[in-house]
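Reading the sequence shown from the start, the letters are residues 12 to 379 in my numbering.
Glycine included, every Cβ here is placed at the ideal spot set by N, Cα and C.
Only a predicted model underlies this, so the values are computations on that prediction, with no experimental measurement involved.
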Amino acid sequence: MRLRVLLALCAASALGAEPVKLGFFMSITGRDASFGEASLNGARLAVDSINAGGGVLGRPVALIVEDDRSLPGESATAVKKLISRDKVAALIGECSSARTLEAAAIAQAAGVPLVTPASTSPKVTEVGDAVFRVCFVDSFQGEVIATFARRRLGLKRAALLIDASAPYSVGLADYFSRTFRALGGEIVASQKYSGATTDFRAQLTAIRAAGPDAVFLPGYYVAAGLVARQSRELGLNATLLGGDGFEAPQLLEIGGAALEGAYYATHFATENTDQASRAFVAAYSARYGSAPNGLAALTYDSVRLVADAIERAGTTQRAALRRSLAATRDFPGVTGRTTINARRDADKDAAIITVRNGRLVFVETMRP
12 MRLRVLLALC AASALGAEPV KLGFFMSITG RDASFGEASL NGARLAVDSI
62 NAGGGVLGRP VALIVEDDRS LPGESATAVK KLISRDKVAA LIGECSSART
112 LEAAAIAQAA GVPLVTPAST SPKVTEVGDA VFRVCFVDSF QGEVIATFAR
162 RRLGLKRAAL LIDASAPYSV GLADYFSRTF RALGGEIVAS QKYSGATTDF
212 RAQLTAIRAA GPDAVFLPGY YVAAGLVARQ SRELGLNATL LGGDGFEAPQ
262 LLEIGGAALE GAYYATHFAT ENTDQASRAF VAAYSARYGS APNGLAALTY
312 DSVRLVADAI ERAGTTQRAA LRRSLAATRD FPGVTGRTTI NARRDADKDA
362 AIITVRNGRL VFVETMRP
């Protein structure tokens, strides 16, 4: 069942004013529902905060939500509805690079700004000048993870386990490999799977034969948890490395103790001592009963960044809003200060997280 929710929490001073509509499309149900749920929580919190402060341009913000159900083609359908039926000023979504790419061409053709919280494939913003992101890109996080593996952990022999059906996975593996080799490491094996795979034993057996000290899995949290378990069952004890696709509360539920000692790069750490970040963590935890993850934080920043751009533009007119978003410099978000560069990507640091004693523990922030 398709989810369509209109959230229009209005500040008292803005009651009666025509709302500024922001379209939100994400996987609220389906395989990647954890991503969508966290993102929607962050978006709702941001809308409440904005409206409590008087809205934008003296008008309340309304968040219109479409569920793409984690299915191919559904994000394109969702965005068409948000643009043509709901007349949204801007779009927030998706977390998956593949699903964002489906929607990006439609947004570009209509000239409606699309801001993705967490789609890291470089191809996303290459679609055109209406497409922006508040996260770092795969080339950046691939370099970060490879640099951390070589220089901090001293790992020398890495194997790759790639989701051949996901542009995110294929691209991230390529960037990791380039940097790892450039730093003197060796890629000793490369195996592939498809997104629906749940049994990785054949690929992991081949990887084990190559004798790696690291397995880089540029995939999502479901695969990460299953790979960790099956690796340990096969006696493959190499360090598991990943990217921001690992970022979900279900990671530890699926992988359990087998994830001990794994590392991944992401966009946000709850241990950040920045005042804005601490306030966000407190507000999120009080409302939802758990700490936010990186996707919640990135989506919170995405909504507030769009609101900031509307205020600076003084209008929701599409061309003016695109120019205002492109001019964003040093925006003070909870995931760090964000500058939109000439490629409409975000310049910011990455956080390294490890699994220690069954908990996700912040290690450090870094750039390559």
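Where residue i falls: helix, strand or coil (DSSP)
| i | result |
| --- | --- |
| D43 | coil |
| E375 | strand |
| T72 | The displayed chain sequence assigns Val, not Thr, to residue 72. V72 falls in the strand class under three-state DSSP. |
| V16 | Because the pLDDT at V16 is just 42, under 50, the model does not fix this residue reliably, and the value given afterwards should be weighed accordingly. DSSP places V16 in strand when its eight states are reduced to three. |
| E29 | coil |
| F143 | strand |
| G347 | strand |
| D78 | strand |
| A7 | Residue 7 lies beyond the range of the chain shown here (12 to 379); nothing can be said about it. |
| A256 | Reading off the sequence shown, one finds Gly at residue 256, where the question assumed Ala. Three-state result, G256: helix. |
| A220 | helix |
| L228 | strand |
| R340 | coil |
| L251 | strand |
| N62 | helix |
Nearest residue (CA-CA) to residue i, options the options
| i | options | result |
| --- | --- | --- |
| R354 | C106, I39, G122, F143 | F143 |
| G256 | G182, K32, V317 | G182 |
| A177 | T111, P71, I265 | T111 |
| A207 | A221, L306, V233 | V233 |
| G69 | D79, A28, L33 | A28 |
| R370 | E258, D358, A287 | E258 |
| F46 | S130, A276, A157, P124 | S130 |
| R10 | I156, A337, F211 | Nothing about residue 10 can be reported from this structure: the residues present for the chain run from 12 to 379 only. |
For residue i, the first and last residue of its enclosing beta strand (DSSP E)
| i | result |
| --- | --- |
| D356 | That residue, D356, is in no beta strand (DSSP E); it is neither H nor E in DSSP. |
| A101 | 101–103 |
| T127 | 125–127 |
Range covered by the alpha helix (DSSP H) that runs through residue i
| i | result |
| --- | --- |
| L3 | For residue 3 there is no data in the structure shown, the boundaries of the chain being 12 and 379. |
| L93 | 85–95 |
| V238 | 232–244 |
| L332 | 329–337 |
| T136 | 134–137 |
So within the region 266–317, which uninterrupted beta strand (DSSP E) runs reach at least 3 residues, ignoring any that extend past its ends?
274–277
Where are the alpha helix (DSSP H) runs, 4 residues long or more, that stay fully inside the region 150–214, in chain order?
178–193
Can we say the region 37–57 touches the region 97–106, given the rule of at least three CB pairs closer than 8 angstroms?
yes
Between the region 133–152 and the region 196–212, can you find at least three pairs of beta-carbon atoms closer than 8 angstroms?
no
Any chance the region 290–301 sits against the region 347–361, with 3 or more Cβ pairs inside 8 angstroms?
no
Does the region 322–337 come into contact with the region 236–253, if we say contact requires no fewer than three beta-carbon pairs (one atom in each stretch) closer than 8 angstroms?
no
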